[in-house]
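J.: Chains as they are written, first to last, in my numbering: chain B, 23 to 350; chain H, 4 to 303; chain W, 12 to 557.
Would you mind keeping the following structure in view while I ask a few things?
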Amino acid sequence: MLQFWGRKLMQYGLVLLLTLALNFSLPRLMPGSPLQLLAGEDVGLLSRAEREEIMARHGLDQPLWRQFTLYLGQLAKGDLGYSYRQRRPVAVIIWERLPWTVLLTGSALALSALAGVVCGTLAAWRRGRISDLGMLSLFIFLDSMPSFWLGMILVALFGSSLRWFPVFGAQSPFAGYTGWAAVADVLHHLALPLTTLTLVTIAGLFLTVRYSTLGVLGEQYITVARAKGLPEGRIVFRHVLRNALLPVITLFMLSLGFVVSGATVVETVFVWPGLGRLMFEAVLQRDYPVLQAAFMMVTVCVIAANLAADLLYPLADPRVRIEGRHVR
Amino acid sequence: MNAACIFQSMKIIGAGRIGAALLLLILCTALFAPWLAPHDPYERVGPPFQKPSAQHPLGTNDIGQDILSEIIWGTRVSLAIGFFAAAIALLLGTFIGIVSGYYRRWLDPLFMRLADIVLVIPFLPLMILLAAYLGPRMSNIILVIGLLTWAGPARVIRSQVLSLREYGYVQAARALGGADARIMFRHILPGVLPVALAQFIRAVSSAVLIESSLAFLGLGDPTAKSWGMVLSYAQARGAFLTGAWLWWILPPGLLITFTVLAFALTGYALEEVVNPRLRGEAIKNVLRKGGGQADRQARK
Amino acid sequence: MNGKTKMKGKTFNYASTGRWSVILLAILFAVTLLLVAASCSPAAAPADDQGPIHVRLAIARDEGSLNPYTYVSGYPGHNLLLLIYDTLFQLDEQNVPQPWLVEKYQPDADGLTWSFTLHKGVTWHDGTPLTADDVKFSYEYYRKHKHARWTKAVAAVESIEVEDELNFTIKLSDPVPAFMMNPLADVPIIPAHIWRDVTDPGSFTDNTGSGPYRLISHEADKTYKLEANAGYFRGKPAVDEIGIVIIEDQTATFTALRVGDIDIAARSLLPELVEEFSGTTDVAVVTGPGFVSTLLQINNEREPFNDPRVRLAIARAIDIDGLVETVLLGYGTAGNPGYLHPALPGYKTGLKHITDPAQARALLEETGFADSFGDEEFELLVRSNDPLRVRTAEIIAESLAAIGMNVKVKALDSSTVDSLVWPDFDVTRGRDYDLAIWGWSAPVMLDPARLGALFHSDLNTRGSLNIGAYAGENVDAMVEELAGTIDPDRQSKLMSDLQSAVADTVPFVTLFYPDGIYAYRPGTYDGWVYQNGQGILNKLSFVPVP
Numbered sequence: 023m024l025q026f027w028g029r030k031l032m033q034y035g036l037v038l039l040l041t042l043a044l045n046f047s048l049p050r051l052m053p054g055s056p057l058q059l060l061a062g063e064d065v066g067l068l069s070r071a072e073r074e075e076i077m078a079r080h081g082l083d084q085p086l087w088r089q090f091t092l093y094l095g096q097l098a099k100g101d102l103g104y105s106y107r108q109r110r111p112v113a114v115i116i117w118e119r120l121p122w123t124v125l126l127t128g129s130a131l132a133l134s135a136l137a138g139v140v141c142g143t144l145a146a147w148r149r150g151r152i153s154d155l156g157m158l159s160l161f162i163f164l165d166s167m168p169s170f171w172l173g174m175i176l177v178a179l180f181g182s183s184l185r186w187f188p189v190f191g192a193q194s195p196f197a198g199y200t201g202w203a204a205v206a207d208v209l210h211h212l213a214l215p216l217t218t219l220t221l222v223t224i225a226g227l228f229l230t231v232r233y234s235t236l237g238v239l240g241e242q243y244i245t246v247a248r249a250k251g252l253p254e255g256r257i258v259f260r261h262v263l264r265n266a267l268l269p270v271i272t273l274f275m276l277s278l279g280f281v282v283s284g285a286t287v288v289e290t291v292f293v294w295p296g297l298g299r300l301m302f303e304a305v306l307q308r309d310y311p312v313l314q315a316a317f318m319m320v321t322v323c324v325i326a327a328n329l330a331a332d333l334l335y336p337l338a339d340p341r342v343r344i345e346g347r348h349v350r
Numbered sequence: 004m005n006a007a008c009i010f011q012s013m014k015i016i017g018a019g020r021i022g023a024a025l026l027l028l029i030l031c032t033a034l035f036a037p038w039l040a041p042h043d044p045y046e047r048v049g050p051p052f053q054k055p056s057a058q059h060p061l062g063t064n065d066i067g068q069d070i071l072s073e074i075i076w077g078t079r080v081s082l083a084i085g086f087f088a089a090a091i092a093l094l095l096g097t098f099i100g101i102v103s104g105y106y107r108r109w110l111d112p113l114f115m116r117l118a119d120i121v122l123v124i125p126f127l128p129l130m131i132l133l134a135a136y137l138g139p140r141m142s143n144i145i146l147v148i149g150l151l152t153w154a155g156p157a158r159v160i161r162s163q164v165l166s167l168r169e170y171g172y173v174q175a176a177r178a179l180g181g182a183d184a185r186i187m188f189r190h191i192l193p194g195v196l197p198v199a200l201a202q203f204i205r206a207v208s209s210a211v212l213i214e215s216s217l218a219f220l221g222l223g224d225p226t227a228k229s230w231g232m233v234l235s236y237a238q239a240r241g242a243f244l245t246g247a248w249l250w251w252i253l254p255p256g257l258l259i260t261f262t263v264l265a266f267a268l269t270g271y272a273l274e275e276v277v278n279p280r281l282r283g284e285a286i287k288n289v290l291r292k293g294g295g296q297a298d299r300q301a302r303k
Numbered sequence: 012m013n014g015k016t017k018m019k020g021k022t023f024n025y026a027s028t029g030r031w032s033v034i035l036l037a038i039l040f041a042v043t044l045l046l047v048a049a050s051c052s053p054a055a056a057p058a059d060d061q062g063p064i065h066v067r068l069a070i071a072r073d074e075g076s077l078n079p080y081t082y083v084s085g086y087p088g089h090n091l092l093l094l095i096y097d098t099l100f101q102l103d104e105q106n107v108p109q110p111w112l113v114e115k116y117q118p119d120a121d122g123l124t125w126s127f128t129l130h131k132g133v134t135w136h137d138g139t140p141l142t143a144d145d146v147k148f149s150y151e152y153y154r155k156h157k158h159a160r161w162t163k164a165v166a167a168v169e170s171i172e173v174e175d176e177l178n179f180t181i182k183l184s185d186p187v188p189a190f191m192m193n194p195l196a197d198v199p200i201i202p203a204h205i206w207r208d209v210t211d212p213g214s215f216t217d218n219t220g221s222g223p224y225r226l227i228s229h230e231a232d233k234t235y236k237l238e239a240n241a242g243y244f245r246g247k248p249a250v251d252e253i254g255i256v257i258i259e260d261q262t263a264t265f266t267a268l269r270v271g272d273i274d275i276a277a278r279s280l281l282p283e284l285v286e287e288f289s290g291t292t293d294v295a296v297v298t299g300p301g302f303v304s305t306l307l308q309i310n311n312e313r314e315p316f317n318d319p320r321v322r323l324a325i326a327r328a329i330d331i332d333g334l335v336e337t338v339l340l341g342y343g344t345a346g347n348p349g350y351l352h353p354a355l356p357g358y359k360t361g362l363k364h365i366t367d368p369a370q371a372r373a374l375l376e377e378t379g380f381a382d383s384f385g386d387e388e389f390e391l392l393v394r395s396n397d398p399l400r401v402r403t404a405e406i407i408a409e410s411l412a413a414i415g416m417n418v419k420v421k422a423l424d425s426s427t428v429d430s431l432v433w434p435d436f437d438v439t440r441g442r443d444y445d446l447a448i449w450g451w452s453a454p455v456m457l458d459p460a461r462l463g464a465l466f467h468s469d470l471n472t473r474g475s476l477n478i479g480a481y482a483g484e485n486v487d488a489m490v491e492e493l494a495g496t497i498d499p500d501r502q503s504k505l506m507s508d509l510q511s512a513v514a515d516t517v518p519f520v521t522l523f524y525p526d527g528i529y530a531y532r533p534g535t536y537d538g539w540v541y542q543n544g545q546g547i548l549n550k551l552s553f554v555p556v557p
């Protein structure tokens, strides 16, 4: 077992290093330079010496491998660097954005997991009936929609026309709300993006729950339990749900990475101050430090969640443990 | 397999018929676009921003091209992107799936770890990075989508190979000392093809969706007329702020939705027909490695 | 038997609980949404003119801490900066420099020595008086601490002599043709007592200025709050508070304007929305000429574009009036082949763009390139994030196809286009493109010094914006003479000669100048002043020019 864990940890460590290197080199290999960000609008008026001085000040005159080792060294000291565009520490920027991202994607995940479990179990239980097929088609339909399209239609309807919800941001600017009013204000802003994101995420969880419940319902012990005349409700909660939820928990863990990486498209539509949008802007503007730090954080979180799922799943389900050994 | 599952399969296959019918309709639209479209989508046939009229049922776009014609031709472009991206994903996925299922000892851990990396890395940021790096050309977008979606199919195909390996005829071929390449090509590949087809159809549906998201973010090829790009222009030229969203944004969006739906339903049904147990395998893989989540993420 | 009935009952119960939980969930969801919606509808802007005026302005990006070394963009960053800081002169509605911080000024005959008297009673936001020492300090500071905009602008200032608190003299090493415009009306004065010991201005975030507004809060990437400087030496500004909101997305910006979440947007309204927005009572739209240019940039170094006849043929092939009609829906001015916007005083009347595909074809025949064009494909680069430019490129490709040139539009992200057209923003590094849709900001139109940089063939010195490596006969001499000429008559003669030369030799095709279109809510504030070519985000909108 220890060897198994050790190998896992090593493998994931390797994945981490690889993604870091990729993430470091890709934006730098991209054509274009952050010089305009660093020097300002009138960069064309600078003399060559002045440009070189600016690049040197940010270590951008060094060869790529040297920059990479410098970056790793900085990273080891916990220094994420300065944003070229915002001219403040990247750690601060990410720290500001993180709660908003987690609020949006986290609650979307929680909501869709809840709805997915409830509807998925119901659908499996009532397989083939109208309600099952209805839910099935509804969720697959929602899953087929482009999320930006759904989001923009929601904004047009509920924001712009009906004016029930604010059309941008996470807080009313300059409102100066405190206490519960501030919470209500955030919730008010959260409603539309959350609805969009939840609607397009439900399908995955719903299908998983439905399928695994169907599988469990077909198992012999359920037939036995039924034959024993156990109350149906008890079968559902004791036997079916317990086993059917196992994969859902795993899926949930694995989705944690997505919670951190944000939802770029939905964030763009609703001008939500999340990490996904931050990363996207950083790519377009060649803001290397922000890009690296955000991407690294996401990678670390995803890998940690994966590792946790990998390590916990065999503990939770003995069948997988055996199979896992066999296959690997 | 129990009664519940059979029943289940039939329902899914029924849904698959609907999907297939829709699919046929969409394919026909793509095929017969030159005859169906009232105008050349690149020709400026009227003043810009015209409201719907008898001549232009969905009005004209920002430079006076006929929106209906754009959308009809867009079927071709969007499907082409979907097909080619899915083809890349499936070629890679099938190859890696077969090889790693066959050479369990050396190549399997390597390839599956590689698949894990692709599945694990946050999808959209990487795709943005790649798309921006390679430039917004249609061929690059196809390449990017293909390169980042092969891992899911690879895992499913590998599972299929694992079970095929134990079949008598494969065992016999190996016992007779057949060359590995020949066994893989002659005996395993045919057994894998149906599964690959189902995976391919599902890959097309996610590629179409991913392309529209990339176009929305401004990473599409603005000179190609895909549905995503039509939407992107509509959005950029203020269609959401005027009544134009009714005829400029709803139709392409619905078309994307129905196309993705048609492919998804057909794909599900096909999986069911091809090998009902495999779906379980696919889901298990997804669960263990978050495979499905990766392409879901891409749309968010 | 008990078991069986029980089971049936439970089945029924389960089913109904199931149905109920779905309904419950739906209701819960709906109620949450509704509750939240009801709990706080955004407060309407105060419309009565008695109370203090708060204007909410939307910009697209964070502008750093908004001091001369940390602001980011030329527009709207520079405009906002100049609400907080003052300049010695101020451009009026017609872009004529008027004394602002100074009360009196006197240049000597050769334009090399200028003496100034500052306005009395000007103070910094912290109450310290603004003196001639601050002016001297500022100009010397910009010289010493490099900044792309300021350092170049003050380069010709040789020395500043301070006579007393209010009087000082600037000595120039060379005459500067538009000295009052740049640097005097462009370079902000910073307080010496605050900046004296600052050695790394890039990370210094103080905002004490002397302007009509002071920055009282900045939430990075979200908001700024500017408060009127009640003790401003030209009187209290008309708007008491400017709240600045950062909204990246264009659609979201104008949706917010329409629903009343903001009162004005710094970004220009899309032409197709003018009708939609001016049709409502809450929103007004003001339009005016814009000095931002859109060009078809040509690589003058590359075959066959090194032949001026080919470039002229390209120009003749393009219907720029059609472009203005189609792409801008008429909200723009067709390009002057001599580059300068017709609303500028230096504009040479009579220069007209001619669209004549037949002549274009004839020109190509004459060069002999026409035969080889069939096989060759040229690339037209354009930024993919600007739909108007992509459309422009598509239409131009059509026009050029009509004269037998095979042009393919290649849309790339803007950093990539920059890196091909203007590698490292340094024209001496070469260029790798055939054609590109390009544009320059308003200052490149207004300032004769920068204008020269577009055309001078010595890329190492004067031609720092000559991204097409253009070399025109006599053009260098004109640019050089212009740089040293302060006599207005000679200046305008040189300007019109330069425009004629440019029109004849076509370094690039000037396509159009999109209008500035600004939508705002007049109920909140209606005193916006349209500064010709530059829009409404300026000091004049808040403080009157004497």
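For each residue, glycine too, the CB sits at the ideal point set by N, CA and C.
All values derive from a computational prediction rather than experimental measurement.
By how many angstroms is the C-alpha of B/Gly-128 removed from the C-alpha of H/Trp-248?
T.: Going by the C-alpha atoms only, they are around 31 Å apart.
J.: By the criterion of Cβ-Cβ separation under 8 Å, what are the contact partners of W/Lys-236 in chain B?
T.: Here the neighbours are Phe-196.
J.: Thinking just about the alpha-carbon of each residue, which of W/Ala-326, W/Asp-515, W/Pro-459 and W/Gly-495 is nearest to the one in W/Phe-523?
T.: Nearest of W/Ala-326, W/Asp-515, W/Pro-459 and W/Gly-495 to W/Phe-523, Cα basis: W/Ala-326.
J.: Considering Cα atoms alone, identify which of W/Thr-219, W/Glu-376 and W/Leu-351 is closest to W/Arg-320.
T.: When each option's Cα is compared against that of W/Arg-320, the closest is W/Glu-376.
J.: Can you give me the C-alpha to C-alpha distance between B/Val-287 and W/Glu-172, rounded to a whole angstrom?
T.: Each residue's alpha carbon lies about 57 Å from the other.
J.: Identify the contact partners of H/Leu-234 in chain B, using a Cβ-Cβ distance below 7 Å as the criterion.
T.: Result: Trp-171.
J.: Does H/Ile-21 come within less than 7 Å of chain B when only Cβ atoms are used?
T.: It does not: the Cβ of H/Ile-21 has no partner Cβ on chain B nearer than 7 Å.
J.: Go to H/Val-80, then tell me how far its alpha helix (DSSP H) extends in each direction, as first and last residue.
T.: Where H/Val-80 is concerned, the enclosing alpha helix (DSSP H) stretches over 70-105.
J.: Per DSSP, W/Gln-117 is paired with what?
T.: DSSP output for W/Gln-117 lists W/Ser-126 as bridge partner(s).
J.: By Cβ distance below 7 Å, which residues in the same chain neighbour H/Ile-204 in space, the five residues on each side in sequence not counted?
T.: Phe-266, Thr-269, Gly-270 and Leu-273.
J.: Going by Cα to Cα distance, which pick from W/Thr-292, W/Ala-263 and W/Val-270 is closest to W/Arg-278?
T.: Here the closest residue by C-alpha is W/Ala-263.
J.: Taking only beta-carbon positions, decide if H/Leu-281 is within less than 7 Å of chain B.
T.: Annotation note: pLDDT 49 at H/Leu-281 (below 50); position unreliable, coordinate value reported separately. Output row for H/Leu-281: interface = no.
J.: Excluding the 5 residues preceding and the 5 following B/His-261 in the sequence, name in chain order all residues of the same chain whose CB lies nearer than 8 Å to its CB.
T.: Correct list, in chain order: Val-238, Tyr-243, Ile-244 and Ala-247.
J.: Can you check whether the C-beta of H/Gly-241 is within less than 7 Å of a C-beta belonging to chain B?
T.: So, not an interface residue.
J.: Note the first and the last residue of the continuous beta strand (DSSP E) segment covering W/Asn-178.
T.: Start and end: 178-183.
J.: Where does H/Gln-174 land, buried or exposed, given buried means 16+ other C-beta within 10 angstroms?
T.: H/Gln-174 should be labelled exposed.
J.: For H/Thr-226, which of H/Leu-137, H/Leu-71, H/Met-141 and H/Tyr-106 has the nearest alpha-carbon?
T.: Minimum Cα distance to H/Thr-226 is reached at H/Met-141.
J.: Pull up the DSSP beta-bridge partners for W/Asn-417, would you.
T.: The partner list for W/Asn-417 (beta bridge, DSSP) reads W/Glu-388.
J.: According to DSSP, what are the bridge partners of W/Ser-304?
T.: Note: W/Ser-304 sits in a beta bridge opposite W/Trp-451.
J.: Hey, could you find the ends of the alpha helix (DSSP H) B/Ala-192 is sitting in?
T.: Segment: none, B/Ala-192 is in no alpha helix (DSSP H) and carries neither H nor E.
J.: What does a CB cutoff of less than 8 Å around H/Leu-61 pick up in its chain, not counting 5 residues either side in sequence?
T.: Closer than 8 Å at Cβ, skipping near neighbours: Pro-55, Asp-69, Ile-70, Leu-71, Ile-74, Trp-250, Trp-251 and Pro-254.
J.: Looking only at C-alpha atoms, which of W/Leu-334, W/Tyr-86, W/Trp-449 and W/Gly-544 sits nearest to W/Ile-406?
T.: When each option's Cα is compared against that of W/Ile-406, the closest is W/Leu-334.
J.: Quick check: the region 86-95 of chain B against the region 39-48 of chain B, are there 3 or more CB pairs under 8 Å?
T.: With a cut-off of 8 Å, the region 39-48 of chain B and the region 86-95 of chain B count as touching, because enough Cβ pairs lie within range.
J.: When DSSP labels each residue in this structure, what does H/Gly-155 get in the three-state scheme?
T.: Three-state DSSP puts H/Gly-155 in a helix.
J.: Quick one: which chain H residues come within Cβ less than 8 Å of W/Asn-396?
T.: Within 8 Å Cβ-Cβ: Gly-221.
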